[in-house]
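Participant: This structure is in C-alpha cells; I'll ask about it shortly.
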Amino acid sequence: MARDLALAHLTTITLSPPEMIRLAARTGFQAVGLRLIRVTPTSPGYPLMDDPASMRATRSALRETGLRVHDIEFVKIEPGLDVSSLESFCAAGAALGASRIIAAPYDPDLGRLADRYAALCALAAGYGLGVVLEFFPWTVVPGLADALEIRRRAGAPANGGVLVDALHFYRSGSRLADLEGQDASVLPFLHLCDGPARGGDTLQERLLEARAERLAPGDGALALRALIEKMPVGIPISLEVPMDRMTAECGVEAVARHVHQATIHLLGSLDGSSSPPAPNSTPTS
1 MARDLALAHL TTITLSPPEM IRLAARTGFQ AVGLRLIRVT PTSPGYPLMD
51 DPASMRATRS ALRETGLRVH DIEFVKIEPG LDVSSLESFC AAGAALGASR
101 IIAAPYDPDL GRLADRYAAL CALAAGYGLG VVLEFFPWTV VPGLADALEI
151 RRRAGAPANG GVLVDALHFY RSGSRLADLE GQDASVLPFL HLCDGPARGG
201 DTLQERLLEA RAERLAPGDG ALALRALIEK MPVGIPISLE VPMDRMTAEC
251 GVEAVARHVH QATIHLLGSL DGSSSPPAPN STPTS
C-alpha cells in the first residue's frame, strides 16, 4: 500500500527549510516537517513567522518541488506558556499549508497542561490546523496512555490528537493494546525510526539517542511491524531519524536517502510488495 512519507526536520536539522525541502524531494519524500521553534539551545529552529524573506524562499521551494509541509513544531507546553503568543506561529503554518502542530508536555501541573493543550487546539483550529501532543519518557507525560488521558481531560478536541513516536513508544514501555480502537482522528500520523532493543540507563544517554543517534527503520531491534500494524490504516509516516555520526561521516543527503530506502523496504515487507534490497550497509556519500 502506498504511503505518504514525510521527512522530519530533526533528521536534517542543520539545513534551512528551503535546503531541507529540496533535499527531501531529491531523496524521494512527499512532505516535510519543519521546526520553526528551537527545542534546545544547541539545536536550531527556523522562525519563518519572524523572517519574511525566509518564508518566501521556503514557499518557493515548495512550489518548485511539489512537496507539502505536513507539520510544524515545536511547542513546549510549559508553566509560563502564553498560548496567544503562538498566533504568528499558527499563521505561518497555515501559510505553508501545514496540517498539524506538534506540542510537547513540559508542565508538571497536569490539569493546567490539559487546559493549555485545549487552548492551543482552539487557536490552531482557527487556522485549519490540528495539534498532536507528543509523549516522551523523561517528561510528566511519559507514555501513550498518559497522553491519551491528557487529551481526554482537555475535552477530546476534534482537532487534537496524540503523536506516537516509535522510539518513545517502546522506551516508555507503552503497550500495543493501548492502540486498540484509536482511529486517525486521535492518532493521525506516526514518527518512525528504529533503535537497539535496550536504551540507555541515564537521562543523558536517553536524550542523546532520541536527539542525535537513532537508527533507520529496519536497522535496529524495535518491533516496528507490530506497531505499524496496530496504528490506524494508511496514516502518513514521518521519518524522524537523527544520525549525527553518519551525517558527519557521509553527509546529510546520504542519511536522508538511507532512511527513505530503509523505510520503503520495511513497508514493502509488510504489504508483500516487491522492494529494493535491504539497505543494511552504511551508504557512502
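Under UniProt numbering, the sequence shown has 116 at position 116, and the numbering climbs by one with no breaks.
Glycine is no exception: its CB is placed at the ideal position from the N, C-alpha and C atoms.
When DSSP builds the beta bridges, which residues end up paired with S238?
Facilitator: Partner(s): A6 and H191.
Participant: Can you say whether R198 is buried or exposed, counting buried as having 16 or more other CB atoms within 10 angstroms of its CB?
Facilitator: Exposed.
Participant: For D109, is the classification buried or exposed, using 16 other Cβ atoms within 10 angstroms of its Cβ as the cut-off for buried?
Facilitator: Looking at its Cβ environment, which holds fewer than 16 other Cβ atoms inside 10 Å, D109 is exposed.
Participant: Return the bridge partner residues of K76 from the DSSP annotation.
Facilitator: Note: K76 sits in a beta bridge opposite A104.
Participant: For the stretch 77-165, list the beta strand (DSSP E) runs that are entirely contained and at least 3 residues long, ordered along the chain.
Facilitator: You should have 100-105, 130-134 and 160-165.
Participant: Per DSSP, R225 is paired with what?
Facilitator: None, per the DSSP bridge assignment.
Participant: If I measure Cβ to Cβ from E87 and keep anything under 8 Å in the same chain, skipping five residues before and after, which residues do I get?
Facilitator: So the list reads L123, once near-sequence residues are dropped.
Participant: Where does D165 land, buried or exposed, given buried means 16+ other C-beta within 10 angstroms?
Facilitator: The residue is buried, with at least 16 neighbouring Cβ atoms inside 10 Å.
Participant: Can you tell me where the alpha helix (DSSP H) holding A254 begins and where it ends?
Facilitator: Unbroken alpha helix (DSSP H) run through A254: V252 to D271.
Participant: With distances taken Cα to Cα, identify the nearest neighbour of R206 among S172, G220, V186 and I264.
Facilitator: Looking at the Cα atoms, S172 is the closest of the given residues.
Participant: Which whole runs of the alpha helix (DSSP H) in the stretch 20-82 are 4 residues long or more, in chain order?
Facilitator: Those alpha helix (DSSP H) runs which fall completely within the stretch 20-82 and span 4+ residues are 52-65.
Participant: Go ahead and pull the three-state DSSP assignment for E205.
Facilitator: DSSP places E205 in helix when its eight states are reduced to three.
Participant: With DSSP collapsed to three states, give me the class of L215.
Facilitator: Three-state result, L215: strand.
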